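Taken in sequence, the protein lines are chains A and B. Counting with my numbering, you get residues 381 to 598 for the letters of the first sequence. Counting with my numbering, you get residues 14 to 320 for the letters of the second sequence. Heads up: the structure comes next, in structure tokens.
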Amino acid sequence: MCCIARTAVPFVALSLAAALAVPSMLGAGEPAPAAVQEAAAPAASAPMTCTVDPVHSMALFRVHHLGAGKFWGRFNDVTGTFVFTPGSAEGMKFDISIATESVDSGNDDLDKHLRSPDFFAAKDFPKMTFVSTGASKRGDGMYELKGDLTMRGTTKPVTATLEFCGMADMGRGPKAGFEATFTVKRSEFGVNYGVDKGAIGDEVKIVVGLEGGPKAAK
Amino acid sequence: MELDLLLRAVIGPATIAVVGVVILRLVLGAPGWKSSAPAWIALLLASAPIAAVVHQEGGLRWPPALAYDWLPVAMASAAGLAAALRVPSAASWPWRLGVSVAASVVALSVIAPPGHASAEWRLSSAAAIAASAFGAASGWGGSPSEAGRTDAPRIAASAPFLSMWAVAAAGSAIVILSGFAKLAVVMGALSACSAALAVGAFTVRGTQAGVATSVAFAVILGAGAWFGLGYDEAGIPASAWLLLAMSPAASAVSRIAPATWPRVSMVLGSAAPAAVAFAAVAVTIASVGLPGQAPAESSPYARLTAP
């Protein structure tokens, strides 16, 4: 009996551990929603300066093609810095640079065309940039970000909807993530190929996903 | 969209050019047209690619934002200078060389394609294009002995323009393979205008390429090829661009035929530039292949569907 009791103790302990582990394996242990994290973020009053992690950041663009489908492409090389204070728009700053050469449509021939002066003129303008000029809070984890977008040598003010995606430290240092969405008229930047007859839409939706931390991570 | 673009940026200017030939012939009269045709045709020829640029960009951008925005300025200055100098077909070779060098230097001094704007590139490009223009002036431009002939068959007047048509069409094909569609349309406009002028030369007596038109064509083509090289995204060998730019010079082989064989001279002078330009297309295709629908090599889909 004694032996049985001694043998049973580890089984009970393992069963308890398993019972606790299953919910977390099923997702109950996933990070809390961004707003919760934002509210619970430590050192909420201290601004955090982050360097964009180019591996886990990208810019997507979407444009209407031939009056039919919505075509998506991306830029793979996104760099820069951002400054933010968790839970506040105070002092929020974004200085983002995108290498036009890194445009990626998934088709080599199309990539060549996109890099040519018909579109991004990558050899004349290797970078397009966004520099924020102001931010205001619009809700839990949501901001309105104003800034200047420079593309093909033309600078225009744009307003982006900015979502704070989360902040955590999973052993690789603190990381914060944002997603900015805005729309531009490409013809205003001199990118007019296919605009006149609507073969390729003038309005381009841009989604920029950023992840960064106090140190650049690769 | 493509058909509309072809109509407005390629076929439209070409049609206007040939209508311009007819109107100028009527206004100037036969003697006036015969003496000034090459200068007017040089301007008409340049107007087509310039119109193609303006149409595609919705106007001329000033100040230019891209290096490419200077192309219309280069084309206009080359054609304007070649037309203004009015070197006659009977001019001796130093005159032909002089106008070739002057037009090349003026045109290339205003353009600076990305990655190829150094002094070395400028000098070597100007030298190559001047040599091409000199060859064209000596071949397409007509030999001094042929100058002023009114009994030449109509096809002899058309032949240089037909050759220009083929050369510019080859240039357009190379440019489209490099990924720069707007420049391909510009070259297409140059090609279509040459074809239209071939019809004009066949139907309107006294219409001839002469020195001015030959030099203007060679410099416009050379400037286009230099921009093509500068903006090339496909990795087309520089030799293909050089072959294209130099192809007008091949018209000078017409001089090797004896004066008593004018038809042989005409065929040689027309076919040789086209052959060189098509060789440039062949080099391009051998190097980068034809455009396809294949996904990027980095795509997992490419690996899955690889034969």
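We treat Cβ as the ideally placed atom computed from N, Cα and C, and that holds for glycine. Nothing here was measured: the structure is a model prediction, and the numbers come from that model.
Under the Cβ distance rule, B/Arg74 counts among the residues neighbouring chain A, one pair being separated by less than 9 Å.
In terms of beta-carbon proximity, A/Lys473 stays away from the interface with chain B, with every pair separated by 9 Å or more. When C-alpha distances from B/Trp239 are compared across B/Trp134, B/Gly219, B/Pro173 and B/Leu210, the shortest belongs to B/Trp134. Counting along the chain, A/Ser468 sits inside no alpha helix (DSSP H); it lies in the beta strand (DSSP E) bounded by residues Ser468 to Ala479. Using a Cβ-Cβ cut-off of 9 Å, B/Gly184 does not count as an interface residue toward chain A, since no Cβ of chain A sits closer than that to its own. Under a criterion of Cβ atoms nearer than 7 Å, the residues of chain B adjacent to A/Ala501 are, in order, Leu79. Residues of chain A with a Cβ closer than 9 Å to the Cβ of B/Gly243 are, in chain order, Lys503. Interface annotation, B/Pro250: not in contact with chain A, CB-CB separation never under 9 Å.
Taking each of B/Ala125, B/Trp106, B/Val180 and B/Ala202 in turn and checking the Cα distance to B/Ala290, the smallest one comes out for B/Val180.
In the three-state scheme derived from DSSP, where H, G and I count as helix and E and B as strand, A/Trp452 is classed as strand. Annotation: Cβ neighbours of B/Glu246 in chain A (cutoff 7 Å, chain order): Lys492, Arg495 and Ser496.
Chain B has no Cβ within less than 9 Å of the Cβ of A/Thr530.
Taking the CA atoms as reference points, A/Leu446 sits about 34 Å from A/Cys545.
Distances from the alpha-carbon of A/Val435 to those of A/Arg442, A/Thr459, A/Phe510 and A/Trp452 put A/Thr459 closest.
A/Lys517 has A/Tyr523 as its beta-bridge partners, per DSSP.
Residues are counted here when their Cβ sits less than 7 Å from a Cβ of chain A; for the segment 193-218 of chain B these are Phe193, Ala194 and Lys195, given in chain order.
Sixteen is the threshold: when 16 or more other Cβ atoms of the shown chains lie within 10 Å of the Cβ of B/Pro127, as they do, the residue is buried. A/Met547 is classed as buried because its beta carbon has at least 16 other beta carbons within 10 Å across all chains shown.
For B/Pro304, a Cβ of chain A is located within less than 9 Å of the residue's own Cβ. Shown here for B/Ala183: same chain residues with a beta carbon closer than 7 Å to its own, the five before and five after excluded, namely Leu257, Ala290, Phe291, Ala293 and Val294 in chain order.
Measuring C-alpha to C-alpha distances from B/Leu210 to each of B/Ala186, B/Pro173, B/Ala197 and B/Gly71 identifies B/Pro173 as the nearest. In terms of Cβ geometry, A/Gly589 and A/Gly557 form a close pair [threshold 9 Å]. Residues of chain B with a Cβ closer than 9 Å to the Cβ of A/Gly570 are, in chain order, Glu70, Arg74, Ala78 and Leu79. Residue state for A/Phe558 is assigned as strand, using DSSP reduced to three classes. Closest in C-alpha terms to A/Pro537, from the list A/Asp549, A/Tyr523 and A/Phe569, comes A/Phe569. According to the DSSP secondary-structure assignment, A/Asp484 is paired through a beta bridge with A/Arg454. Pairing A/Phe441 with A/Val584 gives a Cβ-Cβ distance under 9 Å. Secondary structure at B/Gly248: coil, using DSSP grouped into helix, strand and coil. The beta carbons of B/Ala22 and B/Ala65 sit about 4 Å from each other, so the pair counts as a contact at 8 Å. Burial is judged here by how many other beta carbons sit within 10 angstroms of a residue's own beta carbon; B/Trp106 has fewer than 16 and is exposed.
Checking the DSSP bridge columns, you'll see B/Thr28 has no partner listed. Residue environment analysis places B/Val100 among the buried positions, since at least 16 neighbouring C-beta atoms fall within 10 angstroms of its C-beta. Rounded to whole angstroms, the separation of the alpha carbons of B/Ile189 and B/Ile298 is 11 Å.
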